[in-house]
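Just below is one structure, and these are the notes that go with it.
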Amino acid sequence: MGFADRRECPQLCRLAAEYIRKCERCEEDIYAFFAQEPDADSLYVKLVEEFERCILSYFAFHWSHADISISQVLSSDAEPKRKLKQIVMAATREQTFERVTKNLKVARVFSTLVEEMKAMGIASTDDSQCTEVMAPVAHSDRSPVLLFMGGGMGAGKSTVLKDILNEPFWAGAAGNAVVIEADAFKESDVIYRALSSRGHVDMIHTAELVHQSSTDAASSLLVTALNEGRDVIMDGTLSWVPFVVQTITMARNVHRRRYRMGTGYKVGTDGSITEVYWEKIDEEEPSLQEGSKKRKPYRIELVGVVCDAYLAVVRGIRRAIMCRRAVRVKSQLKSHKRFANAFLTYCHLVDNARLYCTNALEGPPKPDLVTAESQHEEDIVQPFQVPRETSIKDNRLWLSGLDLNKRIFRRNTDTAIFVKLIGWKDKDRNLLVDPDEIDCLKRVGCLNEEAESIYELYKYPNPACEDGSIWKDIVLSPSRLNIQKELKYSIQKVEGSKMTSSK
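Numbering of the sequence shown is given in numbering that gives the first Met the number 0, commencing with residue 0 and proceeding in unit increments.
Put into structure tokens, the structure is as follows:
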């Protein structure tokens, strides 16, 4: 905003540091800063928006050094004497990891087992009369549901899931559903917690160290839940097609035969690759034995979440600052690209699919959807107006049409994410898409996973430079300079008065 020296605006620097970390009452402090100004409301909104623009621009570059940017933010108040400690910690990182892993190896096994038991939970009182272990715990007269929540890291899956859990079916079933999320196991991992307590310097390395164990724990919980016929919500990137396809195959057959974890991804001595994620157990499923109640097959649903990968990177860095949970930007971009390219393949394998976009900041969705069989332009046919009606079927709400004139945006107050439905597929029908929004899926499927900045993310013409993009319309807005001048004048006035009153 034109301040040459941070000593000219110490209060502004404090507010900025609190805002990017989402400290408690940070927004109240910003409003209090302008409380004595006649246009305090307007100044508050403009400063918060300017902070958002600064974040969007600052984290749009130098992605291979994102960990340094995160450390700079988290270390802004650190004393100089701590730098020596950080140097020593970096030099002894590997030895520390090995020592902590060895000391807590047994504790991790028991801790992970306890977390799996907690995730499985206990059936509700309504189901206490059910003596058949393999019967679905939610409703004995319907098929259990397996819901895949897929999308790249930072796409906004958690925001979308909150809305889905408020839908009529999940509002009643979520209490007994098993949620599969590798990140949850990661955060409860005793080794991860021990290493994280050392500070934020090794945040990414720490997450990578426990990645495989948290993934294995999630897989173990998944196969257990499916064997027991529970409603399951699987939250992940779904970026690895062989794993997802084999998981869907298992879910289609688990009512006939029990499964266990397979050997996973293996590379042979000759370089050959085998991927066996699930194995059938030889013994017969109890529900197929004489006198047992026959289990119903799973209904499999997919909810995909897609967004501009640039926004996802910024969200990921902000999450790392707020939650101290980070991933490498390259891994993040790769997850977005793989999911975008696999989404239509998954659509053919599931019973119902929805695709949401979290690019929008405001405004209602478009009124038309069209049919799309693939991501290629030649497969998109003429616009098709979806009828607006709903019907009840099998104890849950089914949308036979989508009222796209209805505002379906949801705002997450922490990350300002708005959700927009842009695709729908039910049973054997083709995917219906919003023709003006589906390009986001195509662009993400062609992104450059080696990109260092927003300008390297896509091929020419870069959508970031087009009208309507967040980068051009918000970050590079022509009106931004005048807003900055107005803010600078007011901030200088407030800072000056505070300095005078403190003397």
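Even for Gly, the Cβ is constructed at its ideal location relative to N, Cα and C. As the structure is a prediction and not an experimental result, all values here were calculated from the model.
Nearest-angstrom Cα separation, counted from residue j out to residue i
{"i": "T268", "j": "A172", "result": "47 angstroms"}
{"i": "E451", "j": "R327", "result": "12 angstroms"}
{"i": "N165", "j": "Q491", "result": "46 angstroms"}
{"i": "K333", "j": "G151", "result": "8 angstroms"}
{"i": "I473", "j": "P434", "result": "24 angstroms"}
{"i": "R337", "j": "T344", "result": "11 angstroms"}
{"i": "L146", "j": "I232", "result": "5 angstroms"}
{"i": "D427", "j": "H347", "result": "8 angstroms"}
{"i": "Y57", "j": "R257", "result": "51 angstroms"}
{"i": "E23", "j": "I29", "result": "12 angstroms"}
{"i": "F2", "j": "V177", "result": "52 angstroms"}
{"i": "R324", "j": "T158", "result": "17 angstroms"}
{"i": "K484", "j": "L42", "result": "12 angstroms"}
{"i": "W169", "j": "V418", "result": "18 angstroms"}
{"i": "F33", "j": "E7", "result": "17 angstroms"}
{"i": "D182", "j": "T357", "result": "21 angstroms"}
{"i": "V243", "j": "L237", "result": "6 angstroms"}
{"i": "L11", "j": "Q211", "result": "42 angstroms"}
{"i": "I316", "j": "W62", "result": "10 angstroms"}
{"i": "I320", "j": "I280", "result": "44 angstroms"}
{"i": "K265", "j": "S476", "result": "50 angstroms"}
{"i": "S496", "j": "G149", "result": "51 angstroms"}
{"i": "G270", "j": "W423", "result": "41 angstroms"}
{"i": "G228", "j": "I163", "result": "21 angstroms"}
{"i": "L208", "j": "T214", "result": "11 angstroms"}
{"i": "D466", "j": "K458", "result": "16 angstroms"}
{"i": "I272", "j": "A16", "result": "48 angstroms"}
Secondary structure of residue i, DSSP reduced to three states
{"i": "C508", "result": "Lying before the first or after the last residue shown, residue 508 is absent from the chain, which here runs from 0 to 502."}
{"i": "T344", "result": "helix"}
{"i": "D350", "result": "coil"}
{"i": "M498", "result": "helix"}
{"i": "T223", "result": "helix"}
{"i": "T40", "result": "For clarity, residue 40 is Asp in the given sequence; the question names Thr instead. If DSSP states are grouped into helix, strand and coil, D40 belongs with the helices."}
{"i": "K293", "result": "coil"}
{"i": "L401", "result": "Its pLDDT being 36, under 50, L401 is placed unreliably in this model, and the value from its coordinates should be taken loosely. Coil at L401, not helix or strand."}
{"i": "E7", "result": "helix"}
{"i": "E300", "result": "strand"}
{"i": "T389", "result": "Because the pLDDT at T389 is just 31, under 50, the model does not fix this residue reliably, and the value given afterwards should be weighed accordingly. Residue state, collapsed to three classes: strand."}
{"i": "R317", "result": "helix"}
{"i": "W277", "result": "strand"}
{"i": "I515", "result": "There is simply no residue 515 to check, as the chain begins at 0 and stops at 502 in what is shown."}
{"i": "F60", "result": "coil"}
{"i": "M249", "result": "helix"}
{"i": "K424", "result": "strand"}
{"i": "V177", "result": "strand"}
{"i": "Y30", "result": "helix"}
{"i": "Y459", "result": "coil"}
{"i": "S123", "result": "With a pLDDT of only 42 at S123, under the threshold of 50, the placement of this residue in the model should not be trusted; the figure read from the coordinates follows. It is coil, neither helix nor strand."}
{"i": "C356", "result": "strand"}
Supposed close pair residue i, residue j - CB separation, criterion 8 angstroms
{"i": "I453", "j": "E436", "result": "Contact doesn't hold; Cβ gap of about 20 angstroms is too wide."}
{"i": "A311", "j": "A154", "result": "6 angstroms"}
{"i": "L456", "j": "N447", "result": "6 angstroms"}
{"i": "R298", "j": "H254", "result": "Going by Cβ atoms, the distance from R298 to H254 rounds to 11 angstroms, so no, they are not a contact pair."}
{"i": "R314", "j": "R52", "result": "About 15 angstroms separates the two Cβ atoms, so there is no contact after all."}
{"i": "E49", "j": "I482", "result": "7 angstroms"}
{"i": "I19", "j": "I54", "result": "6 angstroms"}
{"i": "H335", "j": "A352", "result": "Not really, about 18 angstroms apart at Cβ, beyond 8 angstroms."}
{"i": "V304", "j": "Y355", "result": "5 angstroms"}
{"i": "P462", "j": "S468", "result": "6 angstroms"}
Under 9 angstroms between C-beta atoms of residue i and residue j
{"i": "V44", "j": "L160", "result": "no"}
{"i": "Y276", "j": "S219", "result": "no"}
{"i": "L46", "j": "L486", "result": "yes"}
{"i": "D350", "j": "E274", "result": "no"}
{"i": "D234", "j": "K156", "result": "yes"}
{"i": "P143", "j": "D230", "result": "yes"}
{"i": "R251", "j": "E278", "result": "no"}
{"i": "E494", "j": "P37", "result": "no"}
{"i": "A59", "j": "W470", "result": "yes"}
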